[in-house]
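Line by line, the protein sequences are chains A and B. Following this note's numbering, the numbering of the first sequence begins with 1 at its first residue and continues without gaps. Following this note's numbering, the numbering of the second sequence begins with 1001 at its first residue and continues without gaps. Structure record follows, encoded as structure tokens.
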Amino acid sequence: MSGFRLDSGGQIDRNQPRTFTFDGRKVSGFAGDTLASALLANGQTLFGRSFKYHRPRGLMSVGSEEPNALVTLTGPDTHEPNARATMVEVVDGLNASSQNRWPSLSVDLLSANQIGGPMLQAGFYYKTFMGPTRKAWRFYERFIRRAAGLGKAAQKPDPDRYEKINSFADLLVVGGGLAGLTAALKAAEKGARVILIDEHARFGGYHRGDPREQDTINSLLERIQAFDNATILPRTTCFGQYDCSTFGLVERVTAHNPTETEFAPCERLHVLRVRHAILATGAIERPLVFPGNDAPGVMLADAIRAYALRFGVSAGKNIVLFTSHDGAYRQLSALQDLGVPINAIVDTRTTISDIAMAQVAATGMQLITGHAVTRVHGYHGIKRVSVAPFDPYTSKINGKERAIECDCLGMSGGWTPSIHLTSQMGGVPEWDSTLHTVLPGKSNGTWSVCGSVAGYFDRDDTIASAETMVEEVLRKLSLSRARKAVTHPEKQDVLNVGPVWSIKGIGGKAFVDFQHDVTADDITIAHQEGFLSVEHLKRYTTLGMGTDQGKLSNINGLALMAEARGLDIPTVGTTRFRPPYTPVSFGALAADARGGHLQPTRRTAMHYWHLDAGAEMIDAGLWKRPRVYRRGSEDLEQAYIREARMTRQSIGIVDVSTLGKINVQGPDAAQFLDRVYSNGFAKLPVGKARYGLMLREDGIVYDDGTTWRLDDTNFLMTTTTAQAAAVLEHMELYLSVHWPDLKVHLTSVTDQWAGAAVAGPKVREMLQIAIPETDFDNEAFPFMAIRHGKTSQGIPVMMCRLSFSGEMAYEVYTPARFGLALWEELHSAGKEMDLVSYGTEALDTLRIEKGHVVNSELNGRTTAEMVGMGAMASKKTPYIGSAMKDRPAFKDRRRHQLVGLVSKSDECVLIGSHLVRNPALKTPCLSLGHVTSATYSPALEKYVALALLENGQELIGRDLYATFPMKGIHVAVEVVDPCFFDKDGERMRG
Amino acid sequence: MLIPCPHCGDRDVSEYSYLGDATIKRPNQEKANPHKWETFVYNRQNPRGPHKELWQHNGGCRLIVEITRDTISHEILSMKATGPHKTGLGK
């Protein structure tokens, strides 16, 4: 093919040249060109290499259905693979390159794949490389993956900005052809809020660029624009329909216009909710299936017309058309007037309509009826094609071949309505045996179709169908009061399709799916091997599974399967479509929700103090918590060991503001807590706190924490940091649905309180300085007691003597606005006593030494008994989980129990290690349990861990091995009691 | 999907969390037998068509509403508020 720019015609601005590069070569085009039209005008024939066989491929279409001309667009910092050259508008500096070729587009060594001929047919990979085991596949996979594929993914973050908006309208009109424009105008006139979109840069659909229609299109657009209640969005694709008439639209905002303000996003995602959708999505031309139909230079017949009318480009110097319907004859004389050299038309039918005949007569081109193209000669471009007499009843060649010189072949087997969105909305595609095409089927009442998608292929019918359909919709939406019955136009068979699904009786690869290299023979093989359902056919051959989603191939594939089975097409059935209609960038879907904007960040009142103190922060849900405060050249382990050791020697302070805090208030609050926790709260005296264990209905531990009785009817419940929101929701469900009679109100007060836990042997001394008016004496302020007070600087505090670390310890809370001041005051009070700030690592070390469980142990499978808290449960009062916690399986002695492990060597025990008996490990072997938490214990000067172990309590004193086969780590451990340190609690009670 | 809330009006599903089947009654804590508990904790109908279910507007007013949703079309057929504050709210 050797395309060239026509002297006139097209919607391009010939005064505005644009320069871009393709595979490193400088190419020029005009404003209004697409990458495809500009390259075609420059005589480019090769656009890519095919997926499997690496066959040279040219441009096939003019729209988003393009299977072949996929390119990678690169900018200084951007990299976008698989862009369709037909949809990319040319701008200065655009840098495009072809894909899936090595080393270059014209010399692709991987095209040796096709020398194997029929070897790489459907199922080849499965049959050859999979073998009875997965071993063979593992070996071959990387070679296969290298040879097959499309563009390469970007390696760096996308610097472009995307945005998302939610919008609402009465009507969405998809498709800006004559039908869509007509419908949008009628609706806007009646006051409907209308959004009209088209995926292309300009409106007009099929008629876009046609000089006879341009005035009509412009006037419709201008009239729609005059309405404030109408929005027109070009370059906007409706990629999917979701529940309840919600549509996903992607608007391409700046790609075509790089000089646009820097604040504009690259793409904009519209989440649109409408009352009704009008789909005027048009139709896509169907290729014919014959040997060599994928050669560069073979393209859709209508694309030749469109390139001439829209871009002023002739696709070749000597064009032949090959068709089986009258549609391909449209505008032949107009094209000839523009200078598009169409010299012959080959038609499989023996008779053609008078209108088509008149077009041929007017142009004087050669008409060859009752013939089919049997071969395409030339490798990187067409030299000539062979044609032969064709029997439409058997699809076979029944005569001698002869050659016709040409450099471009336009093919057309009919038109397929774009039913992707209707199918997504539940429309079951129906086969129309008069039009020989598939139609959208019955609507569920939320959408309507008009124009060619509805089967109206005549220009006037298209407009009439839009008028009648929109009238119906407006009545449904109560926007029109007209009563006269609406009569839709008849669907006329204007195309006179003589269906031809494949040309048989000659050799060579005849492609059905160009993007995935699926041939007519592949479908026969799939049928022979028993894949009868279209869904199976699709998966076995990968027909229609490329990025083009089979826009060109589905109907041909379906028809060939029906033919192979000897059935008609409706019996075989059609596949449905899923979103997206065309590929959607992840950037558009993510929009602003990336990096730090993905989710909110929660910071405590002391956050910046921690940063100033050199804390390394770690995520705890949405919270940021200090992990360790390194000093000098300490590594993580050295830092947490120092923090934990100093806490046990003098005083440690940790920010506990992140703990979930829920205020439980009301006359029935105590009774409510009795039911929510497995242990009783009704008798908890005012001014005291109690540890509570919360179960789920199935008897598994849900959460734990302390609850403080501030008043007779006022409790402060603390939850784990991670579960705070879930626990609140859980309790609200019970109060609203199961126990609406209880008078209790819940308020989340997590953010209202800032808190510090101070622990260590010198803690009383320190607190006495900081909070002088409170008596910290053991009797005056006993274990689990709550006291209110104020610091020497007057900061109000609420304290409770609680210990998670096993040391003498207090939790000190203050309203969040005083959090930092309190924190600083406690630090200055403890300065002389070697007070150390510690992070979550040391917090973990201290609690592991005490055998306290956290969510590593309370993992959604553990019961209270498994973690040694079975005895705590209330015997008398029923509570959530009490009915199911004693099920036989929970009582099985083989069930895991919490134990401690001490490493018998100087090696650390890895979390996730499995406990086994066998010192000479051979996998697979029986796992007796697994390690849930591990640390170096400065108190024991050993590596220790907590584990869940089968029948663990009885195994205390035994030696086992903690093994981590993926890292080849195998540590000898001794099973011990989970409380490693100060079992009697003398330090915290003292 | 938009879910109606008696305080906040029609709100997007992303503001809500699903709290399960509303047709399941919690058994009487003292009297129920294990079979009843099993049904309450584990057994659900998963119907095709109208389904009564609980949704909490925890991205808004935190009210728990009981709605009837068609599981095929996601159409909301009815809505009522639950809990002690339901008086005067919803239908």
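C-beta atoms are modelled at their ideal positions from N, C-alpha and C, and glycine is treated no differently.
Leaving out five residues on either side along the sequence, give the residues of the same chain with a beta carbon under 8 Å from the beta carbon of A/G117. Legend: pLDDT at A/G117 = 49, less than 50; position of this residue unreliable, value from coordinates given subsequently. The answer is none, since no qualifying residue turns up.
At least one CB of chain A closer than 7 Å to the CB of B/Q1045: is that the case? Judged by the 7 Å Cβ criterion, B/Q1045 is not in contact with chain A.
Could you give the DSSP three-state label for A/I463: helix, strand or coil? Correct three-state label for A/I463: helix.
Please specify which runs of the alpha helix (DSSP H), each continuous and at least 4 residues long, are wholly inside the segment 872 to 934 of chain A, giving them in chain order. 888 to 891, all fully within the segment 872 to 934 of chain A.
Relative to the C-alpha of A/G336, which residue among A/L6, A/R235, A/N951 and A/L940 is closest? Note that residue 336 of chain A is Gln in the sequence shown, not Gly. It is A/L6.
Short of 8 Å in beta carbon distance, which residues of its chain neighbour A/I397, apart from the five on each side in sequence? Order them along the chain. A372, T374, A388, P389, F390, D391, I503, K504, G505 and I506, listed in sequence order.
At least one CB of chain B closer than 7 Å to the CB of A/S736: is that the case? At least one chain B Cβ lies under 7 Å of A/S736.
Does the pairing of the segment 608 to 617 of chain A with the segment 569 to 577 of chain A give three or more beta-carbon distances under 8 Å? Contact fails between the segment 608 to 617 of chain A and the segment 569 to 577 of chain A, because fewer than three Cβ pairs, one in each stretch, are under 8 Å apart.
Quick check: A/A344 and A/I304, are their CB atoms within less than 7 Å of each other? Their beta carbons are not under 7 Å apart, which means A/A344 does not touch A/I304 by this criterion.
Contact list for B/H1125 against chain A, beta-carbon separation under 8 Å: Chain B is shown only over 1001 to 1091; residue 1125 of chain B falls outside these bounds and no answer can be derived.
Neighbour flag for B/M1079 against chain A, beta carbons, 7 Å: By this cut-off, B/M1079 is not an interface position.
Tell me the rounded alpha-carbon separation between A/A756 and A/L659. So the alpha carbons of these two residues sit roughly 11 Å apart.
Mind listing the chain A neighbours of B/E1030? Cutoff is C-beta to C-beta under 8 Å, in chain order. Scanning chain A for C-beta atoms nearer than 8 Å to the C-beta of B/E1030 yields P878, reported in chain order.
Neighbour flag for A/D992 against chain B, beta carbons, 7 Å: Given a span of 1 to 990 for chain A in the structure shown, any question on residue 992 of chain A remains unanswerable.
Where A/V470 sits in the DSSP three-state scheme: A/V470: helix per DSSP, three-state reduction.
Closest Cα partner of A/G327 within the set A/A283, A/V298, A/R55 and A/P291: For the options A/A283, A/V298, A/R55 and A/P291, the alpha carbon positioned closest to that of A/G327 is the one of A/A283.
Can you say whether A/Q44 is buried or exposed, counting buried as having 16 or more other CB atoms within 10 angstroms of its CB? With 16 or more other Cβ atoms inside 10 Å of its own Cβ, A/Q44 counts as buried.
Proximal residues to B/D1012 (C-beta, below 7 Å), its chain only, five neighbours per side dropped: Excluding sequence positions up to five before and after B/D1012, its CB lies within less than 7 Å of the CB of L1002, all in the same chain and listed in chain order.
Verify the CB distance criterion: does A/L172 have a CB-CB separation below 7 Å to chain B? Cβ-Cβ to chain B under 7 Å: no for A/L172.
To the nearest whole angstrom, what separates the beta carbons of A/T575 and A/N556, a pair I think is in contact under 8 Å? The pair is not a contact, with the Cβ atoms about 13 Å apart (cut-off 8 Å).
Nearest-angstrom Cβ-Cβ length linking A/A842 and A/G652, presumed shorter than 8 Å: Confirmed, about 7 Å.
Check distances from the C-beta atoms of the segment 566 to 590 of chain A to those of chain B and list, in chain order, the residues that come in under 8 Å. Taking 8 Å as the upper bound on Cβ-Cβ separation, chain B lies near no residue of the segment 566 to 590 of chain A.
Using the Cβ count rule (16 or more neighbours within 10 Å means buried), how would you classify B/L1077? Classification for B/L1077: exposed.
Can you confirm whether A/M884, when its beta carbon is compared against all beta carbons of chain C, has any partner nearer than 7 Å? The structure shown contains no chain C; its protein chains are A and B.
Mark B/Y1018 as exposed unless 16 or more other C-beta atoms lie within 10 angstroms of its C-beta, in which case mark it buried. It counts as exposed.
Local conformation of A/I195 per DSSP, three classes: Under the three-state reduction of DSSP output, A/I195 falls in the strand class.
Cβ-Cβ distance between A/S245 and A/T446 below 7 Å: Cβ distance < 7 Å, so A/S245 and A/T446 count as in contact.
Could one say the Cβ of B/R1100 lies closer than 7 Å to chain A's Cβ atoms, at least one of them? Any property of residue 1100 of chain B remains undetermined from this structure, which presents chain B solely from 1001 to 1091.
If you scan the segment 713 to 794 of chain A from start to end, which runs of the alpha helix (DSSP H) of 4 or more residues do you find wholly inside it? Whole alpha helix (DSSP H) segments, 4+ residues: 724 to 733 and 763 to 770.
Taking Cβ positions only, does B/G1060 come closer than 7 Å to chain A? Proximity of B/G1060 to chain A, defined by a Cβ-Cβ separation below 7 Å, is not satisfied.
For A/D886, collect the residues of the same chain with a Cβ closer than 8 Å to its Cβ; drop the 5 residues on either side in sequence, then sort them by chain order. These residues qualify, in order along the chain: G699.
Could you check whether the segment 474 to 491 of chain A touches the segment 243 to 258 of chain A, counting it as contact only if at least three pairs of C-beta atoms, one from each stretch, sit closer than 8 Å? With a cut-off of 8 Å on Cβ pairs, the segment 474 to 491 of chain A is not in contact with the segment 243 to 258 of chain A, counting fewer than three such pairs.
Could you confirm whether any beta carbon from chain A is found closer than 7 Å to the beta carbon of B/G1049? No, its Cβ sits nowhere closer than 7 Å to a Cβ of chain A.
Please list, in chain order, the chain A residues whose beta carbon lies closer than 8 Å to that of B/S1017. Correct list: E729.
Contained beta strand (DSSP E) runs [length at least 3] in the segment 26 to 71 of chain A, N- to C-terminal order: Counting only runs of 3 or more, we get nothing.
B/I1003 at chain A interface by Cβ criterion, 7 Å: With respect to chain A, the C-beta atom of B/I1003 has no partner C-beta closer than 7 Å.
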